[in-house]
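Novice: Position in the sequence shown (from 1) plus 6 gives the number in this note's numbering.
The beta-carbon is built from N, C-alpha and C at its ideal position, and this holds for glycine as well.
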Amino acid sequence: MKITVIGACNVGATVADCIARKDMVDEVVMVDIVEGMPQGKALDLAQSASVHLFDTKVTGTNDYADTAGSDICVITAGLPRKPGMTRDDLLAKNASIVRSVTEQFVRHSPESILIIVSNPLDVMTYVAYTTSSFHSSKVVGMAGVLDTARYRAFIKMNLGVSVRDIQATLMGGHGDTMVPLPRFTTVAGIPLTNLMPAEDIDAIVERTKFGGGEIVKLMGTSAWYAPGAAASEMCEAIVKDSGRVLPCAAYVDGQYGLNDLFIGVPAKLGRNGVEKIIELDLTDDETRLLHESAEHVRTNVARLEAIEAGS
Ligand SMILES: NC(=O)c1ccc[n+]([C@@H]2O[C@H](COP(=O)([O-])OP(=O)(O)OC[C@H]3O[C@@H](n4cnc5c(N)ncnc54)[C@H](O)[C@@H]3O)[C@@H](O)[C@H]2O)c1
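1. Under 7 angstroms: does the beta carbon of C15 sit that close to some heavy atom of ligand 1?
2. Could you spell out the range, first to last residue, of the beta strand (DSSP E) harbouring N265?
3. By how many angstroms is the C-alpha of K28 removed from the C-alpha of A149?
4. Just checking L252 against ligand 1 - is the residue's beta carbon closer than 7 angstroms to any of the ligand's heavy atoms?
5. Would you mind sorting A83 into buried or exposed? The rule is 16 or more other CB atoms within 10 Å of its CB.
6. Looking at the unbroken beta strand (DSSP E) that takes in M36, where does it start and where does it end?
7. Report all residues from its chain with a CB closer than 6 angstroms to the CB of K282; omit the five preceding and five following residues, and keep chain order.
8. Anyone know if the C-beta pair for N164 and I210 falls short of 8 angstroms?
9. State whether the segment 128-139 contacts the segment 42-49, with contact taken as three or more CB pairs (one from each stretch) at a distance under 8 angstroms.
10. To the nearest angstrom, report how far apart H302 and L295 are at their CA atoms.
11. Taking 7 angstroms as the cut-off, is the C-beta of I172 nearer than that to any heavy atom in ligand 1?
12. Using a Cβ-based criterion (distance less than 7 angstroms to any ligand heavy atom), does I12 qualify as near ligand 1?
13. Nearest to E33 by CA position, among D23, I25, K63 and P44, is which residue?
14. Which residue marks the beginning of the beta strand (DSSP E) containing P203, and which one marks its end?
15. Using 10 angstroms around the beta-carbon of N100, count the other beta-carbons present and answer buried if the total reaches 16, otherwise exposed.
16. Run the proximity test for S228: is its beta-carbon closer than 7 angstroms to any non-hydrogen atom belonging to ligand 1?
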C-alpha cells in the first residue's frame with residue numbers, strides 16, 4: 007500500500023513519521039510546493055528507519071506523478087493559525103490550496119481515500135469532497151481523534167490514570183463549537199461522572215474546546231505532534247481494515263437530522279473509508295449543541311461560496 011501526505015511541514019512530516027514507524031505500508035510519499043524540502047525530510051526520515059526499525063520506503067517530491075496509485079492521501083497543505091486567529095480566518099486561502107492539491111492528486115490516484123487535516127477542517131473536507139467527486143465515504147476529516155486525544159490527556163492529568171483506560175467520543179465541528187460528551191466517557195468502563203466532580207469535567211471540556219488555541223498562544227503556530235499522530239491512527243484503521251470506531255468529520259446524509267455537510271460523528275473506518283456512522287441516542291441538549299455546531303459549519307461553507315462567487 008502507498009500513502010501520500012500533501013504538505014510536508016509541521017503536521018505533514020509528523021504524519022509521515024508516524025506512518026513510517028507503524029511499518030504498515032510499502033511507501034509513504036510527502037509532497038510540498040517548496041522545492042527540496044519534502045525530499046530532504048524524506049531522506050532524514052528514511053535514515054531513522056534503522057533506529058525505529060521500519061521498512062516503509064519514505065520519499066519526497068514536488069511532482070504529483072510520484073504519488074500515482076496511492077491508497078490514501080492525507081492533506082495537510084495550507085496555512086496554520088497564528089496567535090489571535092481562529093480556524094475560520096484561514097477559509098479562503100486554504101480552500102484554494104486544498105482545491106488545487108486535491109485536483110492534482112486525484113488525477114493520479116482516482117481510487118484513493120482522502121483524509122483532510124487542513125483548517126477550517128469541516129469546510130476543507132467539503133471542498134476536497136466536491137473537488138474530487140469521490141463518493142462521500144472516501145472523504146473524511148481528521149479532528150475528533152485529535153480533540154478526544156486532548157480530552158483524554160486532560161482527564162489523565164486530573165485523575166492520574168492511564169490513557170489506555172480512558173474511552174471517549176465527541177461530536178460536532180472542529181472548533182469552539184465542538185460537542186464533548188462526558189456522558190459517553192469512561193475509565194475502564196466506569197462512567198467519568200462517577201470519578202470526577204461536575205466542575206472538573208466542565209473545566210476539562212472547556213480546556214478541550216480551546217485546546218488548539220492554547221498551543222497556538224504558547225508557540226505562535228498550531229500543534230503538530232498530536233495532530234500528526236491522530237491522522238496516522240485514521241490511516242492505520244483504513245490500512246488494517248480494522249473497523250475502529252473513531253470520531254471523524256464524515257458526510258452526514260440524514261444522520262442526527264443533518265444533511266449534506268461534513269461534521270464530527272462516531273464513524274467506523276475500514277478499507278472502504280467511512281463504512282458506517284454510529285448514531286448515539288443524544289439528549290435534547292446534546293442534539294441542540296450538535297445542530298448549533300452544524301449551523302456554524304454551514305455558515306462557513308456559505309461564506310466561502312460567497313467569497314468565491316465575488317472573486
Ligand atoms: N484538523 C486538525 O485537527 C488540525 C491540527 C493541526 C493543524 N491543522 C491544520 O493543518 C494545516 C497545516 O498545518 P502545519 O502546522 O503543518 O502548517 P505548516 O505551515 O507547517 O505546513 C503547511 C505546508 O503546506 C505547504 N503548502 C502550502 N500550499 C501548498 C500547495 N499548494 N501544495 C503543496 N503544499 C503546500 C507549505 O509549503 C507547508 O510546507 C493548517 O491548515 C492547520 O491549521 C489541522
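Specialist: Inspection of the coordinates gives the following:
1. Against the sequence shown, residue 15 aligns to sequence position 9. C15: yes, Cβ under 7 angstroms from ligand 1.
2. For the purposes of this step, residue 265 is identified with residue 259 of the sequence shown, where counting begins at 1. Looking at the DSSP string, the run of the beta strand (DSSP E) that includes N265 is N265 to G276.
3. Locating residue 149 in the sequence shown gives position 143, where the first residue counts as 1. Locating residue 28 in the sequence shown gives position 22, where the first residue counts as 1. Spanning the two alpha carbons is a distance of roughly 21 angstroms.
4. On the sequence shown, residue 252 is found 246 positions in, with the first residue counted as 1. L252 Cβ: outside cutoff for every heavy atom of ligand 1.
5. Within the sequence shown, the letter at position 77 stands for residue 83. Label assigned to A83: buried.
6. Taking the first residue of the sequence shown as position 1, residue 36 is located at position 30. It spans E33 to V37 - the beta strand (DSSP E) in which M36 sits, taken as one unbroken run.
7. Numbered from its first residue, the sequence shown carries residue 282 at position 276. Same-chain partners within the cutoff: K274.
8. Counting from 1 along the sequence shown, the entry for residue 164 is found at position 158. Counting from 1 along the sequence shown, the entry for residue 210 is found at position 204. A contact, by the Cβ cut-off of 8 angstroms.
9. no
10. Translated into the one-based positions of the sequence shown, residue 302 becomes position 296. Translated into the one-based positions of the sequence shown, residue 295 becomes position 289. Near 11 angstroms, if we compare the C-alpha coordinates of L295 and H302.
11. To locate residue 172, count along the sequence shown from 1; it is residue 166. No.
12. In the sequence shown, counting from the first residue as 1, residue 12 sits at position 6. True, at least one ligand heavy atom lies under 7 angstroms from that Cβ.
13. Translated into positions along the sequence shown, residue 33 becomes position 27. The residue with the shortest Cα to Cα distance from E33 is K63.
14. Indexing the sequence shown from 1 puts residue 203 at position 197. P203 -> no beta strand (DSSP E), and no H or E assigned at all.
15. Numbered from its first residue, the sequence shown carries residue 100 at position 94. N100 should be labelled buried.
16. Within the sequence shown, numbered from 1, the residue matching residue 228 stands at position 222. S228: yes, Cβ under 7 angstroms from ligand 1.
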